[in-house]
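Beneath this line is the structure, given in structure tokens, with notes to follow.
Numbering (this note's numbering), first residue to last: 7 to 274.
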């Protein structure tokens, strides 16, 4: 019988965020949650929010955020481990090749150059499955050329594009925003034209209660420029008219969305 592993819950991640921001040592966080300190180290390193953006006062917004961490963890599980669990034939093929001494790179590479009915999978997805709860229970790590029960500790990758924290997504907005009972909540999206028309595009901003619509022209899709136009358009409005903005998850909103937090919070 293998060891029992359980994923961190959103409640645990919320407590990690609170304690991490209070500069409580990882060892103490782990003790309070009843978790191994390595689990907390991996959680913070893998799901840390990276951004190069700084606001006009020089503040950056890097850190550990529970909603973002939870979304990243779910996405990571879906991308690799779940694919194999949902495709038994592909899983059986991968496990058979591991038993035959093949490496994940060889398995993935062979499926690319000699397609099989079972489908294709990346070597990283195979590694993720090997070191997942199910993979550890099956002791798949023992089939690797250099057998390791746990993957080497990895630092969190800086994403190619930053991730907007999940609490800012349209799906996560509060009830008073969703049911349009309160004035001053906006949602934003970007209207992209055909390539032959160049890089110009239009930001679509709508106040949810009144359905009042603003259309803002942009020279290109660069985040800083898009956010600057939104800020300019909403800055003259009184505080109750600009309580919040929820975004579509397009990359044009990624880098500089934090620049709106201070203007929106101010009450003129």
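The beta carbon of each residue, even a glycine, is placed where N, CA and C say it ideally should be.
Checklist line | alpha helix (DSSP H) segment containing residue 51, residue limits | finding: 43-52
Margin query: Give the list of continuous alpha helix (DSSP H) stretches no shorter than 4 residues that lie fully inside the segment 183-243.
Written below: 229-240
Checklist line | Local Cβ density within 10 Å of residue 36, reported as buried at 16 or more and exposed below that | finding: buried
Notebook entry, point to check: When burial is assigned at 16 or more other CB atoms within 10 Å of the CB, is residue 71 buried or exposed?
Noted result: buried
Notebook entry, point to check: On the premise that residue 96 lies in contact with residue 125, defined as a C-beta separation below 8 Å, what is that separation, rounded to the nearest angstrom?
Noted result: 5 Å
Check: Pick from 208, 130, 23: whose alpha carbon is nearest that of residue 73?
Finding: 23
Item checked: the segment 39-56 in contact with the segment 108-118 per 3-pair CB rule at 8 Å -> no
Next item on the list: Please classify residue 201: is it buried, with 16 or more other beta-carbons within 10 angstroms of its beta-carbon, or exposed?
Entry: exposed
Checklist line | For residue 251: DSSP bridge partner residues | finding: 192
Checklist line | Cα-Cα separation, residue 218 to residue 234 | finding: 20 Å
Check: Secondary structure at residue 71, three-state DSSP: helix, strand or coil?
Finding: coil
Notebook entry, point to check: Which residues mark the beginning and the end of the alpha helix (DSSP H) in which residue 105 is found?
Noted result: 94-105
Checklist line | Distance between residue 241 and residue 155 (C-alpha atoms, nearest Å) | finding: Low local confidence applies: a pLDDT of 48 at residue 155 is under 50, so the model's placement there is unreliable, and no value is given.
Item checked: Spatial neighbours of residue 275 in its chain, beta-carbon cut-off 6 Å, leaving aside the 5 residues before and after -> The structure shown does not extend to residue 275, since the chain spans only 7 to 274, so no value can be given for it.
Check: Where DSSP assigns a beta bridge to residue 55, which residues make up the other side?
Finding: 69
Item checked: Residue closest to residue 16, alpha-carbon to alpha-carbon, out of 28, 31, 34, 39 -> 39
Notebook entry, point to check: Using the C-alpha atoms, what's the distance from residue 93 back to residue 150?
Noted result: 22 Å
Check: Below 8 Å between beta carbons: does that hold for residue 193 and residue 252?
Finding: yes
Check: For residue 19 versus residue 102, is the C-beta distance shorter than 8 Å?
Finding: no
Note to self: What does the alpha-carbon distance come out to for the pair residue 114 and residue 123?
What the structure shows: 14 Å
Item checked: Beta-carbon spacing of residue 47, residue 32 below 8 Å -> yes
Item checked: Pairwise C-alpha distance: residue 191 and residue 30 -> 35 Å
Checklist line | For residue 230 and residue 221, the rounded distance between their alpha carbons | finding: 17 Å
Note to self: Which of the three DSSP states is assigned to residue 246 in this structure?
What the structure shows: helix
Margin query: Would residue 49 and residue 14 qualify as a contact pair, given that the criterion is a beta-carbon distance under 8 Å?
Written below: yes
Notebook entry, point to check: Does DSSP classify residue 145 as helix, strand or coil?
Noted result: coil
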